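Undergrad: Going by our numbering, the sequence shown opens with residue 37, and the numbers climb by one from there. A virtual CB, placed ideally from N, CA and C, is assigned to each residue, including glycine. Note that this is a predicted model, so its numbers are computed, not measured. Sending over a structure as structure tokens; questions will come in a sec.
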Amino acid sequence: MVRQTFVFLTGRTNPYRNIALEALLLEKVPQESCILYLWQNRRTVVIGRNQNAWKECRVQELEASGGYLARRLSGGGAVFHDLGNLNFTFLVPQAEYSLDTQTDVILRAVQRLGINAVKTGRNDIETDGRKFSGNAYYRSGKNAYHHGTLLVNADKEAAARYLSVSQDKIRSKGVESVKSRIVNLAECNPAISITALIESLRAAFDEVYGIKARELRLENIFTEFFGAGKDRLAELEAQFADPTWKYGKNPPFTFETASRFIWGGVEIGLDVHYNTIREARIFSDAMDGDFIPELADLMKGTPFNREALSGKIAAAYKDDPLRREYATDIIKLIFDESEKIG
37 MVRQTFVFLT
47 GRTNPYRNIA
57 LEALLLEKVP
67 QESCILYLWQ
77 NRRTVVIGRN
87 QNAWKECRVQ
97 ELEASGGYLA
107 RRLSGGGAVF
117 HDLGNLNFTF
127 LVPQAEYSLD
137 TQTDVILRAV
147 QRLGINAVKT
157 GRNDIETDGR
167 KFSGNAYYRS
177 GKNAYHHGTL
187 LVNADKEAAA
197 RYLSVSQDKI
207 RSKGVESVKS
217 RIVNLAECNP
227 AISITALIES
237 LRAAFDEVYG
247 IKARELRLEN
257 IFTEFFGAGK
267 DRLAELEAQF
277 ADPTWKYGKN
287 PPFTFETASR
297 FIWGGVEIGL
307 DVHYNTIREA
317 RIFSDAMDGD
327 FIPELADLMK
337 GTPFNREALS
347 GKIAAAYKDD
357 PLRREYATDI
367 IKLIFDESEK
377 IG
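Here it is in structure tokens:
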């Protein structure tokens, strides 16, 4: 049961620092607590943990304009951040994690501002069929977080310019473009501002949890909350800013294929040497961020045949039917495509 709540606002707008703070909060969240972290990034495309940066974003154009590419820990798809957008993160011990409760805070906050907001699918919040919030989730050790965007007055032209949304994904959602998929809250209520939204979120947070949240600020968070955390924060910031983490590694592959399933899109690259998978790389916007690299590691060293991989998957995921289903979809795709090639 959540017995204490905290609100943490940071005035920093560097994406690597902000994502590092999020990761550090995840490590340090106290038991029986919930932290609501509110933050903004200047012009940034944030991609999911397992996405191909070069397929999701026009990286060179973004960086030439002074923007940033960042990769987060959670799965899911690419999103555009600027100072017209407010990001939220709920950080809790896994025992206190409640997606319905956390989402209720967002819905109530927006509804308090006169906008009819509804959760749709697994990870979007919309009004009148248009998305203003994309959500993602991450679990690590005993703790977890749920985070997302809140478009207030974001530059939709820039979002359309820098994001490269696949045509398969656009068709699967029944819309025509990035711009037509999203809406700013200020388009629905011109009186809404970032400041007003923050105040509404704080009120809704207190209301939903029934506790007056204690406010944390950057100047006191280390002394009162993190203890000796500055070195760890610097280490995390360096990790998220590192080019290898941001851009990923793209080794040459002897077999490549891609498809979209109900649970997400995948791009697969395999380096097959003497009929053994020497290297595997899977890009995906699936929400299960840990599964994709785990499956790629599982494939390495396995004979390149359907029976060998299917058997390995059955053994690895015998107690996890959902991941077994996802892996089976991927294995079927690989060998159906390889048989077409001949």
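Can you give the Cα-Cα distance for residue 53 and residue 273, rounded to whole angstroms?
TA: What you label residue 53 is simply residue 17 of the sequence shown in a count that begins at 1. What you label residue 273 is simply residue 237 of the sequence shown in a count that begins at 1. So the alpha carbons of these two residues sit roughly 5 angstroms apart.
Undergrad: So for residue 238, helix, strand or coil by DSSP?
TA: Counting from one through the sequence shown, the residue named residue 238 turns up at place 202. In this structure, residue 238 counts as helix in the three-state DSSP scheme.
Undergrad: Here's a check: name, in chain order, each residue in its chain whose Cβ is nearer than 6 angstroms to the Cβ of residue 305, leaving out the five neighbours to either side.
TA: By one-based count along the sequence shown, residue 305 stands at place 269. Here the set comprises 289, 292 and 317.
Undergrad: Kindly indicate which residue of 159, 270, 120 and 127 has the alpha-carbon position closest to the one of residue 65.
TA: Along the sequence shown, one-based indexing puts residue 65 at 29. Ranking the options by Cα distance to residue 65, first place goes to 127.
Undergrad: Residues bridged to residue 312 by DSSP?
TA: One-based indexing of the sequence shown puts residue 312 at position 276. Its beta-bridge partners are 309 and 339.
Undergrad: When the Cα atoms are used, what is the spatial distance from residue 163 to residue 253?
TA: Here residue 163 refers to the residue found at position 127 when the sequence shown is read from its first residue. Here residue 253 refers to the residue found at position 217 when the sequence shown is read from its first residue. Going by the C-alpha atoms only, they are around 32 angstroms apart.
Undergrad: Please state if the CB of residue 220 and the CB of residue 150 are separated by a distance shorter than 7 angstroms.
TA: For the purposes of this step, residue 150 is taken as the residue at position 114 of the sequence shown. For the purposes of this step, residue 220 is taken as the residue at position 184 of the sequence shown. No, these two residues do not count as a Cβ contact at 7 angstroms.
Undergrad: Report the option in 230, 362, 342 and 94 whose CA atom is closest to the CA atom of residue 329.
TA: The sequence position of residue 329 within the sequence shown is 293, counting from 1. The residue with the shortest Cα to Cα distance from residue 329 is 362.
Undergrad: Identify the continuous beta strand (DSSP E) that holds residue 280 and give its terminal residues.
TA: Along the sequence shown, one-based indexing puts residue 280 at 244. No beta strand (DSSP E) holds residue 280; the alpha helix (DSSP H) holding it covers 279-283.
Undergrad: Please list the terminal residues of the continuous alpha helix (DSSP H) segment that includes residue 140.
TA: Locating residue 140 in the sequence shown gives position 104, counting from the first residue. Segment 135-148, the alpha helix (DSSP H) holding residue 140.
Undergrad: Leaving out five residues on either side along the sequence, give the residues of the same chain with a beta carbon under 8 angstroms from the beta carbon of residue 346.
TA: Translated into the one-based positions of the sequence shown, residue 346 becomes position 310. Closer than 8 angstroms at Cβ, skipping near neighbours: 364 and 367.
Undergrad: The alpha helix (DSSP H) spanning residue 172 covers which residue range?
TA: As a first step, residue 172 must be located in the sequence shown, where it is residue number 136. Looking at the DSSP string, residue 172 is not in any alpha helix (DSSP H); the run it does join, the beta strand (DSSP E), is 166-176.
Undergrad: When the Cβ atoms of the segment 80-94 are set against those of the segment 113-121, are three or more pairs found closer than 8 angstroms?
TA: With the cut-off at 8 angstroms, the segment 80-94 and the segment 113-121 touch.
Undergrad: Quick one: what's got a C-beta closer than 7 angstroms to residue 46's C-beta in the same chain, skipping five residues either side?
TA: Position 10 of the sequence shown, counted from the first residue, corresponds to residue 46. Contacts found: 54, 57, 75 and 254.
Undergrad: Buried or exposed, going by whether 16 or more other CB atoms sit within 10 Å of the CB of residue 158?
TA: For the purposes of this step, residue 158 is taken as residue 122 along the sequence shown, with counting starting at 1. Residue 158 should be labelled exposed.
Undergrad: When the Cα atoms are used, what is the spatial distance from residue 218 to residue 337?
TA: Here residue 218 corresponds to residue number 182 of the sequence shown, with the count starting at 1. Here residue 337 corresponds to residue number 301 of the sequence shown, with the count starting at 1. Answer to the nearest angstrom: the Cα atoms are 43 angstroms apart.
Undergrad: With a cut-off of 8 angstroms on the beta carbons, I'd call residue 282 and residue 106 a contact; round off their distance for me.
TA: Residue mapping note: residue 282 aligns to position 246 of the sequence shown, counting from 1. Residue mapping note: residue 106 aligns to position 70 of the sequence shown, counting from 1. Going by Cβ atoms, the distance from residue 282 to residue 106 rounds to 7 angstroms, so yes, they are a contact pair.
Undergrad: Just reading off the beta strand (DSSP E) that residue 129 is part of, what are its end residues?
TA: Numbered from its first residue, the sequence shown carries residue 129 at position 93. Taken as a continuous stretch (DSSP letters only), the beta strand (DSSP E) holding residue 129 covers 121-129.
Undergrad: Can you grab the Cα-Cα spacing for the pair residue 206 / residue 125, in whole Å?
TA: Numbered from 1 along the sequence shown, position 170 holds the residue referred to as residue 206. Numbered from 1 along the sequence shown, position 89 holds the residue referred to as residue 125. Note that residue 206 scores a pLDDT of 41, beneath 50, so its modelled location is shaky and nothing firm can be said.
Undergrad: Over the uninterrupted beta strand (DSSP E) stretch that includes residue 251, give me the two end residues.
TA: One-based indexing of the sequence shown puts residue 251 at position 215. Residue 251 -> beta strand (DSSP E) spans 250-253.
Undergrad: Do residue 141 and residue 240 come within 7 angstroms of each other at the CB atom, strictly closer than that value?
TA: Within the sequence shown, residue 240 is the residue found at index 204, counting from 1. Within the sequence shown, residue 141 is the residue found at index 105, counting from 1. A contact, by the Cβ cut-off of 7 angstroms.
Undergrad: Output yes or no for whether 7 angstroms exceeds the beta carbon distance between residue 300 and residue 326.
TA: Locating residue 300 in the sequence shown gives position 264, where the first residue counts as 1. Locating residue 326 in the sequence shown gives position 290, where the first residue counts as 1. Cβ atoms of residue 300 and residue 326: not closer than 7 angstroms.
Undergrad: Helix, strand or coil for residue 213 per DSSP?
TA: Taking the first residue of the sequence shown as 1, we reach residue 213 at position 177. For residue 213, the predicted model reports a pLDDT of 38, less than 50, meaning its position is unreliable; a value from the coordinates is still stated below. Reduced to three states, the DSSP call for residue 213 is coil.
Undergrad: How would you call residue 83, buried or exposed, if buried means at least 16 neighbouring beta carbons within 10 angstroms?
TA: By one-based count along the sequence shown, residue 83 stands at place 47. Result: buried.
Undergrad: Mapping the DSSP letters down to three states, classify residue 321 as helix, strand or coil.
TA: The residue you call residue 321 lines up with position 285 of the sequence shown. Residue 321: coil per DSSP, three-state reduction.
Undergrad: In whole angstroms, what separates the C-alpha of residue 166 from that of residue 372?
TA: In the sequence shown, the residue the question calls residue 166 occupies position 130. In the sequence shown, the residue the question calls residue 372 occupies position 336. Computed Cα separation, rounded: 36 angstroms.
Undergrad: On the premise that residue 179 lies in contact with residue 129, defined as a C-beta separation below 8 angstroms, what is that separation, rounded to the nearest angstrom?
TA: Locating residue 129 in the sequence shown gives position 93, counting from the first residue. Locating residue 179 in the sequence shown gives position 143, counting from the first residue. So it is a contact: roughly 6 angstroms between Cβ atoms.
Undergrad: In chain order, what are the residue ranges of uninterrupted alpha helix (DSSP H) at least 4 long that sit wholly in the segment 67-131?
TA: Runs of the alpha helix (DSSP H) inside the segment 67-131: 89-92 and 95-100.
Undergrad: To the nearest angstrom, report how far apart residue 311 and residue 175 are at their CA atoms.
TA: Reading the sequence shown from its first residue, position 275 is the one you call residue 311. Reading the sequence shown from its first residue, position 139 is the one you call residue 175. Distance between the alpha carbons of residue 311 and residue 175 is about 36 angstroms.
Undergrad: For residue 51, count the other beta carbons within 10 Å of its own beta carbon; 16 or more makes it buried, fewer makes it exposed. Which is it?
TA: Here residue 51 corresponds to residue number 15 of the sequence shown, with the count starting at 1. Burial call: buried.
Undergrad: Count the other CB atoms within 10 Å of the CB of residue 341; is the residue buried (16 or more) or exposed (fewer)?
TA: Taking the sequence shown and counting its residues from 1, the one referred to as residue 341 is at position 305. The residue in question, residue 341, is exposed, as its Cβ has fewer than 16 Cβ neighbours within 10 Å.
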